[in-house]
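Novice:
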Amino acid sequence: MVDAYIINTLFMIFSMTLIILMVPGFAMLEAGIVRTKNVTSVLTVNVMIYVIASIAFILIGYNIAFGGIKIDTMSPLAFVMFQMAFVGKSINIMSGGVGERAKIFPLTLFTLIMGALIYPIMVNISWGSDIFKDTLLDINMHDLAGSTVIHSTGGWALLAAILIIGSRKGRYVNDQIKVIPASNIPLVTLGALLLWIGWFGFNGGSVGSIASKEAADTVALTIFNTNTAGLAGALSAGIFIYLRYKLFDITMILNGALGGLVAITAGADLFNTVDSLIIGGIGGVLVVIAVPLFDKIRIDDPVGALSVHLVNGVWGTLAVGLFASSDTITLLGQIKGITVIGALVFSISYVTIYTINKFMPFRAEDEAQLEGLDASECGIESYPEFRRTI
Amino acid sequence: MVDAYIINTLFMIFSMTLIILMVPGFAMLEAGIVRTKNVTSVLTVNVMIYVIASIAFILIGYNIAFGGIKIDTMSPLAFVMFQMAFVGKSINIMSGGVGERAKIFPLTLFTLIMGALIYPIMVNISWGSDIFKDTLLDINMHDLAGSTVIHSTGGWALLAAILIIGSRKGRYVNDQIKVIPASNIPLVTLGALLLWIGWFGFNGGSVGSIASKEAADTVALTIFNTNTAGLAGALSAGIFIYLRYKLFDITMILNGALGGLVAITAGADLFNTVDSLIIGGIGGVLVVIAVPLFDKIRIDDPVGALSVHLVNGVWGTLAVGLFASSDTITLLGQIKGITVIGALVFSISYVTIYTINKFMPFRAEDEAQLEGLDASECGIESYPEFRRTI
Amino acid sequence: MVDAYIINTLFMIFSMTLIILMVPGFAMLEAGIVRTKNVTSVLTVNVMIYVIASIAFILIGYNIAFGGIKIDTMSPLAFVMFQMAFVGKSINIMSGGVGERAKIFPLTLFTLIMGALIYPIMVNISWGSDIFKDTLLDINMHDLAGSTVIHSTGGWALLAAILIIGSRKGRYVNDQIKVIPASNIPLVTLGALLLWIGWFGFNGGSVGSIASKEAADTVALTIFNTNTAGLAGALSAGIFIYLRYKLFDITMILNGALGGLVAITAGADLFNTVDSLIIGGIGGVLVVIAVPLFDKIRIDDPVGALSVHLVNGVWGTLAVGLFASSDTITLLGQIKGITVIGALVFSISYVTIYTINKFMPFRAEDEAQLEGLDASECGIESYPEFRRTI
Numbered sequence: 000m001v002d003a004y005i006i007n008t009l010f011m012i013f014s015m016t017l018i019i020l021m022v023p024g025f026a027m028l029e030a031g032i033v034r035t036k037n038v039t040s041v042l043t044v045n046v047m048i049y050v051i052a053s054i055a056f057i058l059i060g061y062n063i064a065f066g067g068i069k070i071d072t073m074s075p076l077a078f079v080m081f082q083m084a085f086v087g088k089s090i091n092i093m094s095g096g097v098g099e100r101a102k103i104f105p106l107t108l109f110t111l112i113m114g115a116l117i118y119p120i121m122v123n124i125s126w127g128s129d130i131f132k133d134t135l136l137d138i139n140m141h142d143l144a145g146s147t148v149i150h151s152t153g154g155w156a157l158l159a160a161i162l163i164i165g166s167r168k169g170r171y172v173n174d175q176i177k178v179i180p181a182s183n184i185p186l187v188t189l190g191a192l193l194l195w196i197g198w199f200g201f202n203g204g205s206v207g208s209i210a211s212k213e214a215a216d217t218v219a220l221t222i223f224n225t226n227t228a229g230l231a232g233a234l235s236a237g238i239f240i241y242l243r244y245k246l247f248d249i250t251m252i253l254n255g256a257l258g259g260l261v262a263i264t265a266g267a268d269l270f271n272t273v274d275s276l277i278i279g280g281i282g283g284v285l286v287v288i289a290v291p292l293f294d295k296i297r298i299d300d301p302v303g304a305l306s307v308h309l310v311n312g313v314w315g316t317l318a319v320g321l322f323a324s325s326d327t328i329t330l331l332g333q334i335k336g337i338t339v340i341g342a343l344v345f346s347i348s349y350v351t352i353y354t355i356n357k358f359m360p361f362r363a364e365d366e367a368q369l370e371g372l373d374a375s376e377c378g379i380e381s382y383p384e385f386r387r388t389i
Numbered sequence: 000m001v002d003a004y005i006i007n008t009l010f011m012i013f014s015m016t017l018i019i020l021m022v023p024g025f026a027m028l029e030a031g032i033v034r035t036k037n038v039t040s041v042l043t044v045n046v047m048i049y050v051i052a053s054i055a056f057i058l059i060g061y062n063i064a065f066g067g068i069k070i071d072t073m074s075p076l077a078f079v080m081f082q083m084a085f086v087g088k089s090i091n092i093m094s095g096g097v098g099e100r101a102k103i104f105p106l107t108l109f110t111l112i113m114g115a116l117i118y119p120i121m122v123n124i125s126w127g128s129d130i131f132k133d134t135l136l137d138i139n140m141h142d143l144a145g146s147t148v149i150h151s152t153g154g155w156a157l158l159a160a161i162l163i164i165g166s167r168k169g170r171y172v173n174d175q176i177k178v179i180p181a182s183n184i185p186l187v188t189l190g191a192l193l194l195w196i197g198w199f200g201f202n203g204g205s206v207g208s209i210a211s212k213e214a215a216d217t218v219a220l221t222i223f224n225t226n227t228a229g230l231a232g233a234l235s236a237g238i239f240i241y242l243r244y245k246l247f248d249i250t251m252i253l254n255g256a257l258g259g260l261v262a263i264t265a266g267a268d269l270f271n272t273v274d275s276l277i278i279g280g281i282g283g284v285l286v287v288i289a290v291p292l293f294d295k296i297r298i299d300d301p302v303g304a305l306s307v308h309l310v311n312g313v314w315g316t317l318a319v320g321l322f323a324s325s326d327t328i329t330l331l332g333q334i335k336g337i338t339v340i341g342a343l344v345f346s347i348s349y350v351t352i353y354t355i356n357k358f359m360p361f362r363a364e365d366e367a368q369l370e371g372l373d374a375s376e377c378g379i380e381s382y383p384e385f386r387r388t389i
Numbered sequence: 000m001v002d003a004y005i006i007n008t009l010f011m012i013f014s015m016t017l018i019i020l021m022v023p024g025f026a027m028l029e030a031g032i033v034r035t036k037n038v039t040s041v042l043t044v045n046v047m048i049y050v051i052a053s054i055a056f057i058l059i060g061y062n063i064a065f066g067g068i069k070i071d072t073m074s075p076l077a078f079v080m081f082q083m084a085f086v087g088k089s090i091n092i093m094s095g096g097v098g099e100r101a102k103i104f105p106l107t108l109f110t111l112i113m114g115a116l117i118y119p120i121m122v123n124i125s126w127g128s129d130i131f132k133d134t135l136l137d138i139n140m141h142d143l144a145g146s147t148v149i150h151s152t153g154g155w156a157l158l159a160a161i162l163i164i165g166s167r168k169g170r171y172v173n174d175q176i177k178v179i180p181a182s183n184i185p186l187v188t189l190g191a192l193l194l195w196i197g198w199f200g201f202n203g204g205s206v207g208s209i210a211s212k213e214a215a216d217t218v219a220l221t222i223f224n225t226n227t228a229g230l231a232g233a234l235s236a237g238i239f240i241y242l243r244y245k246l247f248d249i250t251m252i253l254n255g256a257l258g259g260l261v262a263i264t265a266g267a268d269l270f271n272t273v274d275s276l277i278i279g280g281i282g283g284v285l286v287v288i289a290v291p292l293f294d295k296i297r298i299d300d301p302v303g304a305l306s307v308h309l310v311n312g313v314w315g316t317l318a319v320g321l322f323a324s325s326d327t328i329t330l331l332g333q334i335k336g337i338t339v340i341g342a343l344v345f346s347i348s349y350v351t352i353y354t355i356n357k358f359m360p361f362r363a364e365d366e367a368q369l370e371g372l373d374a375s376e377c378g379i380e381s382y383p384e385f386r387r388t389i
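Chains as they are written, first to last, in numbering that gives the first Met the number 0: chain A, 0 to 389; chain B, 0 to 389; chain C, 0 to 389.
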């Protein structure tokens, strides 16, 4: 007879596989958004992040995050690999936002530190053991699959990175913002849809068990709400842009979907359908509003990662307090979680990136940026046979 | 211990995930087939269909389709989401066939009506409750996963749409048929293969349970037959074309595979391997024969959707009556099902599209078609950096 | 209650689905590596291999491989389909390595013979029944998921093919090696990552059962080690190239990952994490070393298949003897397995390809190679709208 241990192991392997489908998801999304002269370097960064963050996590980070916790509801290695699948995501968020000007080597160094230390510490504080009990870091936040722990974490690290690395050469000249169109819309679409599907494993698997009627219902509810918020985010972003420009902007529609997905991630196990539509719908609108705002303050983020992941990571964590408060979940507890994790990640990341930057500058030289990072960093053109207009 | 409820919930989540992989599947297939000047708009339509049809279905359509039916063999939301994953497919079929000239906004309106009403009514008649019992609509058709309910439904709606919207500007001039080559063969291949894999969830999940030895055997049989028919359709289409032109035509091979997959969808739970090879093989040949025939009668269908989905939807439903007749399954019953659903969908779709078209024309102006719909509808080029020949 | 039969059926369907995701994986990888003038023909070959090898295997090959073995731990058709999903892979390895000059028709003939006979015989000897007991072919090799049975088999067949078919026109002129860059790096990346994910099903499913605590642990260990070796192979290849050229070479990083994945395939169920890192890491370095060596001896292999699959297939099978020897597993037994399978596959493939080649030459004429095989074999350009530099 099949027991909980077996079915949970299979469920966790299934969920983990979906999350790892987000590796090509992020890679294709970013490769589609940046200019062709930077596509190879962006893909290289995506692959290196998966490689280095995962190794760092299984050798060091896991023990920091979950050390001493006994896993007996499933095969422990299935749990380790599920958690390992998370770690690269927060760094993908960061690397995407500094795309087209950050060099690969310092990014891999930061990846190592983020995967081995920074991210695992945030996990420990949020989901892990009790070593911070009764300290300032004893937070009591409901964050099912990481609106804060993954998405805001990646977003705060990105903000620190942008402040240090600066904007792309030529992006802001005088009072002008140079619009840089995505180079390959099919790749953007493919990537965003793979991320969307991967999210089912991300949030569904975070329920941690499917081995009872209640658990199965929670898993189904979580995945259903996850998808619903993605739908609502896409719809609200699409309507918002259409009303303004009478055009259908697929990059905004897809970013709206991702915003909705980030927003639902903290509490997908708690909401009903209408709440999920509202939370996701607000998520989509937040993306559309935030993207030009960051540009206005000269925060240059080619893929809109701050709008999607940081803004909606905060919003989604707040939404748990607003829509699903209970005896154990309070708006104040959520705000404390957002603040503690945000302050920690931002400050640690800032110091880390600043330090790396001192002896190994992140920022590619102006000429390398003009020529494209594929030439200077990789020596490999992304589409060598296609004649290009720029 | 793990019971049927739990394993069926996991099985349904797995199946649903595979079906949603068909969203990028359809998107990449169509993006690869149309000209680069229409790629962004085709991708936008695909994403909007998933978004709008799904929301319409979970808020309204599901109740029409399955209202009052108690789901107790699995988590109800897993069942709802599995069914939701179906709805966009029939509209994808329709939108693909009017690609390169249909505007996005009226398409989204039709999507809303199709997802909320038309498709759910067909489901109710075919798979749902007994409210039409002893009426003219009391059909008794075996259609496991929708050769008729999904594929013919999409096909009939498409036929209505083409009759109203017309062919692409410049496609038929005098007695000439302008051949328009697919713009990106890797995307066509990727899309078709994702659809193929998604079909395992589509047909396998439609068995509805894996929680007994018999059910597990039926699921395995269904997925095995599904794949086998796809193989046979690809092979027969490939041989047919090769014999005629001494060339290997991958778009026809892939459309042949899809034709075989559509054909097996009605009865994949009933056939043996040889029958599956025959049914799928005929499906592939039907595609190769039908594509030029539709062109001959000036039915302009850029992706071959009528040949793949309508022709083979009918063929597959007939095949159940021919290869697997029994006490409860008869050829006459299958024909009645095909006819009733076909007549209903075609007439309702025709009236709906005709009405929408009155106050919001589907057809893009000639100039917009010449320039490409990406410019007029989206304002976003699909590959802005690549120099193009046309 | 759910029993072993049911959960193993679901597990096998899940694993098989992941393996079939390797069909687009191989297709995208190869389409990205070859020049645009050969992309359609490479995609056609990939699809035809899946079609013909699978049909040959389910109609003929399966019985040769596993005839007489009673499957009672899961639904037999789930097992058949899982095994069917393997067969095309060994031929993909072969076809990729003769890309850009081998014609499609003779390749499909070889596919038929490989899928119906050659591969199934190797499976019988390695994993199947006892009909070779006490003969010279009575090998006792531990090869969980086919470092030898799949990957070396494909590699030896490829070596035979290259010796007969020769190198691409213009690749080696006088003492010069013409470097041919990959035409589409995003497709290369997408393909390699899909292969990586598909490997979880390949190796995990090869455990054959998840229906006990021990089995679930072995499945989790196998998938964990598989991924770990892929990580290590990517890292070691990346470091090796970086130290030499101060550049990040994503094609080598990805090939290194694939090399690590091939290397772990024989014994992923046996190793610990550190061993997996070492075995995979050596695999990555072997790829980087082997690629120029094959070029030095004028063995022209556009996708590096010999380095990835043959070299690491041998290495991975040896590694089982080195890292996991036991009462039943010995280095000598592993070497015997490598030798017997290698000698058989190479000689049978050589004779087969030589014979086909006599009455139907594999090698495309010089002019066809210059113009690209898409024109002569398929009549379909891969990217007809993009202006190209070559």
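No residue lacks a Cβ here, since even glycine has one placed at the ideal position from N, Cα and C. Small disclaimer: the values here were computed from a predicted structure and weren't measured.
How should C/G303 be labelled, buried or exposed, when 16 other C-beta atoms within 10 angstroms of its C-beta is the threshold for buried?
Specialist: buried
Novice: In chain A, which residues lie less than 7 Å from C/M121 when you measure between Cβ atoms?
Specialist: Residues of chain A passing the Cβ test: none, with the nearest at roughly 28 Å.
Novice: Under 9 Å between beta-carbons, which chain B residues line up against C/A219? List them in chain order, please.
Specialist: Those within 9 Å of C/A219 in chain B number zero; the least Cβ separation is about 16 Å.
Novice: Within a Cβ cutoff of 7 Å, which residues of the same chain sit near C/N224, ignoring the five residues on either side of it in sequence?
Specialist: Once the five neighbours on either side are set aside, the close Cβ partners of C/N224 are I263, A267, F270, S275.
Novice: In terms of alpha-carbon separation, which member of A/V344, A/I70, A/I120 lies closest to A/G60?
Specialist: A/I120
Novice: Counting only runs that start and end within the region 304 to 330 of chain B, where is the alpha helix (DSSP H) found for 4 or more residues in a row?
Specialist: 311 to 322
Novice: Contact between the region 163 to 173 of chain C and the region 293 to 307 of chain C is defined here as three or more beta-carbon pairs at a separation below 8 Å; is this criterion met?
Specialist: yes
Novice: Would you list the residues sitting across from A/I176 in a DSSP beta bridge?
Specialist: A/Y171
Novice: Against C/V1, what residues of chain A qualify as contacts under a CB-to-CB distance less than 8 Å, listed in chain order?
Specialist: M0, V1, I6
Novice: Could you have a look at A/A267 and say whether DSSP puts it in helix, strand or coil?
Specialist: coil
Novice: Are the beta-carbon atoms of B/G336 and B/S205 separated by less than 9 Å?
Specialist: No, the Cβ-Cβ distance between B/G336 and B/S205 is not below 9 Å.
Novice: Under the rule that 16 or more other beta-carbon atoms within 10 Å means buried, what is A/R362, buried or exposed?
Specialist: buried
Novice: Is A/A77 closer than 9 Å to A/M15 when the C-beta atoms are compared?
Specialist: yes
Novice: Between the region 275 to 292 of chain C and the region 138 to 155 of chain C, do three or more beta carbon pairs fall short of 8 Å?
Specialist: no
Novice: Could you tell me whether the Cβ atoms of B/N123 and B/I130 are closer together than 9 Å?
Specialist: yes
Novice: Assuming C/W198 contacts C/L260 under a Cβ cut-off of 8 Å, what Cβ separation, rounded to an integer in Å, is found between them?
Specialist: 5 Å
Novice: Using the Cα positions of C/I112 and B/T351, report the straight-line distance between them to the nearest angstrom.
Specialist: 54 Å
Novice: Which residues in the same chain have their Cβ closer than 6 Å to the Cβ of C/N45, if we skip the five residues on either side of it in sequence?
Specialist: F25, A26
Novice: Just the chain C side, please: which residues come within less than 7 Å of A/I392 by C-beta, in chain order?
Specialist: Chain A is shown only over 0 to 389; residue 392 of chain A falls outside these bounds and no answer can be derived.
Novice: Going by C-alpha distance, which of C/A159, C/W195, C/I222 is nearest A/T8?
Specialist: C/I222
Novice: When Cβ atoms are compared, which residues of the region 22 to 47 of chain A fall closer than 9 Å to chain C?
Specialist: Answer set for the region 22 to 47 of chain A: V22, P23, A26, M27, A30, G31, V38, T39, S40, L42, T43, V44, N45, V46, M47.
Novice: Determine, using beta carbons only, whether C/E103 and C/E384 come nearer to each other than 9 Å.
Specialist: In the sequence on display, residue 103 of chain C carries Ile and not Glu. No, the Cβ-Cβ distance between C/I103 and C/E384 is not below 9 Å.
Novice: Output needed for B/S235: all residues of its chain with C-beta closer than 7 Å, excluding positions within five of it in sequence on either side, in chain order.
Specialist: G255, G280, G283, V284
Novice: Taking just the CA atoms, how far does A/G229 sit from A/G190?
Specialist: 14 Å
Novice: Measuring CA to CA, which of B/S74, B/R100, B/G114 is closest to B/I57?
Specialist: B/G114
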